[in-house]
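**Student:** Chains A and B supply the protein sequences, listed in that same order. Heads up: the first sequence is residues 2 to 517, going by our numbering. Heads up: the second sequence is residues 1061 to 1374, going by our numbering. Below you'll find the structure I mean.
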Amino acid sequence: MEKPVILRLSGLSKRFGSVIAADHIDLDLHEGEVLALLGENGAGKTTLMNMLFGEYTPDAGRVLVRREGRLHPLPPGQPQAAIAAGIGMVHQHFALAENLSALDNILLGAEPLPALRRRLAPARERVGRLMERSGLAAPLDERVGALSVGERQRVEILKALWRDARVLVLDEPTAVLTPQEAENLFTSLRRMVAGGLSVIFISHKLHEVLAFSDRIAVLRHGRKVSEMPTHDADRAKIAAMMVGEEIAPPERPPASPGEEVLALEGVSIRARSARERLDDVSLRLRAGEIIGIAGVSGNGQGALAALISGLRTPDRGRIRVAGRTMRRPSPRNIIRAGVGRIPEDRHRDGVVGAMSVAENLVIERLDAPEVQRRGFLRRRAIRANAERLCHEYDVRGPGIDAPARLLSGGNIQKLILARVLDLSPRVILANQPTRGLDFGAADAVARRLIAARQKGAGVILISEDLDEILALADRIFVMHAGRLAEAPGRERTEIGLLMAGQMDAPLAASPQKARP
Amino acid sequence: MTELLDIFLNESFWTASLRIATPLIFGVLGALLCERAGVLNLGIEGIFVVGAMTGWMAVWMGAGLWGGVLVAALSGALFGLLHALLTVPLGLSQHVSGLGITLLATSAASFTYRTALPDVKSPPRITPFQPLDIPYLSDIPFLGPVLFQQTPLTWLALAMVALVWWIMARTPLGVALRAVGDNPDAVAAQGLSVYGLRIGAVVGGSALMALGGAFLTMSAFDAFFFGMVNGRGWICIALVIFASWQPGKALLGALLFGMFEALQVRLQTQAGAVVPSQVFLMAPYVLSILALVFAARRADYPRALLKPWFRGQR
Chain A
2 MEKPVILRLS GLSKRFGSVI AADHIDLDLH EGEVLALLGE NGAGKTTLMN
52 MLFGEYTPDA GRVLVRREGR LHPLPPGQPQ AAIAAGIGMV HQHFALAENL
102 SALDNILLGA EPLPALRRRL APARERVGRL MERSGLAAPL DERVGALSVG
152 ERQRVEILKA LWRDARVLVL DEPTAVLTPQ EAENLFTSLR RMVAGGLSVI
202 FISHKLHEVL AFSDRIAVLR HGRKVSEMPT HDADRAKIAA MMVGEEIAPP
252 ERPPASPGEE VLALEGVSIR ARSARERLDD VSLRLRAGEI IGIAGVSGNG
302 QGALAALISG LRTPDRGRIR VAGRTMRRPS PRNIIRAGVG RIPEDRHRDG
352 VVGAMSVAEN LVIERLDAPE VQRRGFLRRR AIRANAERLC HEYDVRGPGI
402 DAPARLLSGG NIQKLILARV LDLSPRVILA NQPTRGLDFG AADAVARRLI
452 AARQKGAGVI LISEDLDEIL ALADRIFVMH AGRLAEAPGR ERTEIGLLMA
502 GQMDAPLAAS PQKARP
Chain B
1061 MTELLDIFLN ESFWTASLRI ATPLIFGVLG ALLCERAGVL NLGIEGIFVV
1111 GAMTGWMAVW MGAGLWGGVL VAALSGALFG LLHALLTVPL GLSQHVSGLG
1161 ITLLATSAAS FTYRTALPDV KSPPRITPFQ PLDIPYLSDI PFLGPVLFQQ
1211 TPLTWLALAM VALVWWIMAR TPLGVALRAV GDNPDAVAAQ GLSVYGLRIG
1261 AVVGGSALMA LGGAFLTMSA FDAFFFGMVN GRGWICIALV IFASWQPGKA
1311 LLGALLFGMF EALQVRLQTQ AGAVVPSQVF LMAPYVLSIL ALVFAARRAD
1361 YPRALLKPWF RGQR
């Protein structure tokens, strides 16, 4: 029997400038149901959920919530009203105050403001009961800034439960979790759903959607393109619907590794926080192979990338590029030694937004004779270079003289790839190269990396997306708490345990609790 | 060396320290309130001037002393409201708006003074707050004179330290204020008004700053002079970092500065023949900078300080 509808989105539309982020979307959520909202970046998932929660005012359409057996419309643009109607939202970027304790965050806004003192004892007791019932545990008196990502997420969910949420909206809840943490989260959610909670969760990980949801809705370009019960769905069909076309995964011909191009020998970087620390890291990369580095973000990947980019000098250990030990590593020396760098934050570290596309394409080699003569830029040569690269790497945008910040994320990434790969580097450091890109752009990046490997480059691929690593890497390493260990196999659960620091790999030392 | 010891053992030194610290206590608390909510208020120097001018003028025109205090607080709040409207809903640069407020408030105070008293040569005097002589308590040796021969405004300042601490640490409002200076998205997602909290904090903080100014004309002196605020506001901006945005440490910082200042005056009279007096005049500031150098390295800035927040943009 069909359960009653608890929440109905009716004709919701939202436009940002000339972009239609949501176009007359209708969606029903039934009581005790788990609805998965699938779609690529920019498909309108988050916009839709922000309208549901009242953070955006829709241009058209209504949100209706069931109360006393009937559906009532919510006043648009008022989070307070959504909370009062029993809607709880867990944002992808947590909405937590890091300087407050977990308990304070849970109570924030739930206590009447004009009060002379707080009643913490009963609150603590009730949160304790909620934790017990849902299976979500978090240290209540710790500052949120000191909590792990998984704990923060639990605080977010507890916040919603504290406000008696009947509908829980989760925006990409597993993006920052290890596979085990994700599994625990779903176990807890299942328990709460059995207790009557309804869940909408946004994801683009197909395997968890298929495993956990009851029904799937697919969005593309701001429209709902399909809706089906999960047991009728299959992987290929959904993927095709999200993208709008069939996309085959890139071919990866067998590797034929050559001589060593990059070596780290017992490298350590001392730092106060775990995300900047490296602890006795060793690694050998050979020509013609891709090493994938998996791990939950904040476990030292940033430090490793900074080290290979020449931005950090190791406190101990050595770094060798193409057989030469780098005595004084600096970005300049590293680039000259043949390392191409694709930075994690492409907008901040990859381009100078105010400079033109053409200038950004030569920015790493301003002293090269093709770029300058006697201290003056060779403008014509620079533009010709840009014309060629933009054509070759399919960089689209308002033209080579336009400021780089006007390019979309995917095109900025193609620009960076063009700059890096055109110099035929021996080593390519790709840090989260496809994060935030849509299928098409991500696919292009993956193909380029494989092509570079075929031409004999060694590639270090740092990624939080295990699927990406499994698809591209010849060898897989895992980072945890500043340590690097080679995964013994390609088994998802095994790698997951390494990511959580719960297993000793042959190279790894004592496991520590992740505190990113 | 013994002369230094003499100074420290003399109760009048400590009485003076607390007196000098009083306007700073108001100022630091005010700046702390604004910054905890995420708004830097560089209007503080001008708001001091306005508080000094309006409080004194209200009394001169016939209001009671406490009436003057109220007028000062309200006029400070008014300039705070202007700063808040510019920086919170409009999201303009907090530096530019704050400095603008300082220039505007200082000039407005001078203008009002000149228009109201076009012909006076020496500024008219009022009868200021007198030290409270509390029976028995003021007779306690040492502590008595230091603590119990202060004017009521010093007492108000100390009470404000306790009040601000209580609000910040023990009330839901304080939790919300601390949250809005750390992550306004968290506050908005819980259905609270980011704008409301921030505007309220800036208005309240500015009222406190104005009280610091009012202390100068209504307690420390008995008239309004141009230039009498003399950088006290800027000192408070530094002290709030020294205090790590905590009311208790704010009191400590203000007292330390008061001590430097009181020491400076005394050393000047004793060693003035050997060392030029200007050295002593700048000593408190040099010492403040040094104190700041060590405190600021560990400073835990409110994460959302200086960052405007707009509705519907995550």
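Ideal Cβ placement from N, Cα and C applies to all residues, glycine included.
#1: To the nearest angstrom, how far is the alpha carbon of residue 209 (chain A) from that of residue 1251 (chain B)?
#2: If I follow the unbroken beta strand (DSSP E) through residue 1086 (chain B), where does it start and stop?
#3: How far does the beta strand (DSSP E) with residue 134 (chain A) in it reach, from first residue to last?
#4: Measuring alpha carbon to alpha carbon, tell me which residue in A:90, A:87, A:115 and A:121 is nearest residue 103 (chain A).
#5: What residue ranges within the region 235–281 of chain A form continuous alpha helix (DSSP H) runs of no fewer than 4 residues, ordered along the chain?
#6: Out of A:151, A:385, A:117 and A:237, point me to the one whose CA is closest to residue 1375 (chain B)'s CA.
#7: I need the DSSP call for residue 188 (chain A), collapsed to helix, strand or coil.
#8: Answer yes or no: does any C-beta atom of chain A fall closer than 9 Å to that of residue 1248 (chain B)?
#9: Compare the C-alpha of residue 378 (chain A) against each of A:364, A:391, A:415 and A:390 and name the closest.
#10: Given residue 308 (chain A), which residues of its chain have a CB within under 7 Å of its CB, disregarding the five upstream and five downstream residues?
#11: Got a sec: which bits of the region 98–123 of chain A sit with their beta carbon under 8 Å from any beta carbon on chain B, in order along the chain?
#12: What does residue 84 (chain A) touch in chain B if you count any residue whose Cβ is under 8 Å from its own?
#13: Could you tell me which of B:1219, B:1357, B:1071 and B:1336 sits nearest to residue 1203 (chain B), measuring between CA atoms?
#14: If contact means a Cβ-Cβ distance below 7 Å, which residues of the region 1223–1240 of chain B contact chain A?
#15: With C-beta atoms as the reference, is residue 343 (chain A) less than 9 Å away from residue 430 (chain A)?
#16: CB-CB under 7 Å to residue 312 (chain A), same chain, minus the five flanking residues each way: which ones, in chain order?
#17: Taking 9 Å as the CB-CB limit, is residue 56 (chain A) close to chain B?
#18: Do we get a CB-CB distance below 9 Å when we pair residue 1101 (chain B) with the residues of chain A?
#19: In chain order, what are the residue ranges of uninterrupted alpha helix (DSSP H) at least 4 long that sit wholly in the region 416–466 of chain A?
#20: Please classify residue 455 (chain A) as buried or exposed, where buried requires at least 16 other C-beta atoms within 10 Å of its C-beta.
#21: Which residues, in chain order, does the region 1341–1368 of chain B contribute to contact with chain A at a C-beta distance below 7 Å?
#22: Can you name the start and end residues of the alpha helix (DSSP H) that residue 74 (chain A) belongs to?
#23: Excluding sequence positions up to five away, which residues of its chain have a Cβ less than 8 Å from the Cβ of residue 1294 (chain B)?
#24: Determine the direct distance from the alpha carbon of residue 143 (chain A) to that of residue 507 (chain A), and round the result to whole angstroms.
#25: Hey, out of B:1199, B:1185 and B:1109, whose CA is closest to residue 1209 (chain B)'s CA?
#26: Answer yes or no: does any C-beta atom of chain A fall closer than 9 Å to that of residue 1242 (chain B)?
#27: Suppose you measure from the CA of residue 48 (chain A) to the CA of residue 297 (chain A); what does that come to, to the nearest Å?
#28: I'd like the ranges of any alpha helix (DSSP H) spanning at least 4 consecutive residues and lying wholly in the region 286–310 of chain A.
#29: Is it true that the region 1246–1264 of chain B meets the region 1111–1130 of chain B, where meeting means three or more beta-carbon pairs spaced less than 8 Å apart?
#30: Counting only beta-carbon atoms, is residue 77 (chain A) nearer than 9 Å to chain B?
#31: Applying a beta-carbon distance threshold of less than 8 Å, which residues of chain A neighbour residue 1245 (chain B)?
#32: Name the residues in the region 391–414 of chain A whose C-beta lies less than 9 Å from a C-beta of chain B; which are they?
#33: Run the CB neighbour count on residue 302 (chain A), radius 10 Å, all protein chains shown included, and call it buried at 16 or more, exposed below.
#34: Apply the 10 Å Cβ neighbour rule to residue 1242 (chain B) and answer buried if 16 or more other Cβ atoms are within range, or exposed otherwise.
#35: How many Å lie between residue 1304 (chain B) and residue 1359 (chain B) at the Cα?
#36: Enumerate in chain order the residues of its own chain whose CB-to-CB distance from residue 509 (chain A) is below 6 Å, with the five nearest sequence positions on each side excluded.
**Tutor:** Short version:
#1: Roughly 31 Å between the two C-alpha positions.
#2: It is not in any beta strand (DSSP E) - residue 1086 (chain B) instead sits in the alpha helix (DSSP H) that spans 1071–1096.
#3: Unbroken run through residue 134 (chain A) is the alpha helix (DSSP H), 121–135; no beta strand (DSSP E).
#4: Distance from the Cα of residue 103 (chain A) is smallest, within the candidate group A:90, A:87, A:115 and A:121, for A:121.
#5: Runs found: 236–244.
#6: Residue 1375 (chain B) lies beyond the residue range present for chain B, which begins at 1061 and ends at 1374; the question has no answer from this structure.
#7: Helix at residue 188 (chain A).
#8: For residue 1248 (chain B), the answer is yes, since a Cβ of chain A falls inside 9 Å of its Cβ.
#9: Checking every option, the nearest Cα to that of residue 378 (chain A) belongs to A:364.
#10: So the qualifying residues of the chain are 268, 270, 279, 315 and 320.
#11: Of all residues in the region 98–123 of chain A, 98, 99, 100, 101, 105, 106, 108, 109, 110, 111, 112, 113, 114, 115, 116, 117, 118 and 119 have a Cβ within less than 8 Å of some Cβ in chain B.
#12: The contact set of residue 84 (chain A) on chain B, defined by CB atoms closer than 8 Å, consists of 1250 and 1251 in chain order.
#13: Comparing Cα-Cα distances from residue 1203 (chain B) to each of B:1219, B:1357, B:1071 and B:1336, the minimum goes to B:1071.
#14: For the region 1223–1240 of chain B, residues whose beta-carbon sits nearer than 7 Å to a beta-carbon of chain A comprise 1230, 1231, 1232, 1233, 1235, 1236, 1238 and 1239.
#15: Yes, Cβ-Cβ distance for residue 343 (chain A) and residue 430 (chain A) is below 9 Å.
#16: Excluding positions up to five away in sequence, the list reads 332.
#17: Using beta-carbon distances, residue 56 (chain A) counts as an interface residue toward chain B, with a partner under 9 Å.
#18: No, no contact with chain A.
#19: 440–455, all fully within the region 416–466 of chain A.
#20: Result: exposed.
#21: The region 1341–1368 of chain B vs chain A, Cβ under 7 Å: 1363.
#22: In this chain, residue 74 (chain A) is not harboured by any alpha helix (DSSP H); it is covered by the beta strand (DSSP E) spanning 71–74.
#23: Cβ-Cβ distances below 8 Å link residue 1294 (chain B) to 1104 and 1105 in the same chain, with the five nearest sequence neighbours on each side left out; the list follows chain order.
#24: Note on residue 507 (chain A): pLDDT 48, under 50, position unreliable in the model; the coordinate value appears next. Each residue's alpha carbon lies about 34 Å from the other.
#25: Closest by alpha carbon: B:1199.
#26: Yes, its Cβ sits closer than 9 Å to a Cβ of chain A.
#27: Going from the Cα of residue 48 (chain A) to the Cα of residue 297 (chain A) covers about 26 Å.
#28: List check, alpha helix (DSSP H) in window: 302–310.
#29: In short, these stretches do not touch, since the Cβ pair count stays below three.
#30: Closer than 9 Å: no.
#31: Against residue 1245 (chain B), the close residues of chain A are 92, 94 and 96, in the order they occur along the chain (beta-carbon pairs closer than 8 Å).
#32: When C-beta distances to chain B are compared with 9 Å, every residue of the region 391–414 of chain A stays at or above that value.
#33: Residue 302 (chain A) is classed as buried because its beta carbon has at least 16 other beta carbons within 10 Å across all chains shown.
#34: By the neighbour-count criterion, in which 16 or more other beta carbons inside 10 Å mark a residue as buried, residue 1242 (chain B) falls on the buried side.
#35: The alpha-carbon atoms of residue 1304 (chain B) and residue 1359 (chain B) are separated by roughly 6 Å.
#36: The predicted position of residue 509 (chain A) is uncertain, since its pLDDT is 40 and thus under 50; no value can be drawn from it.
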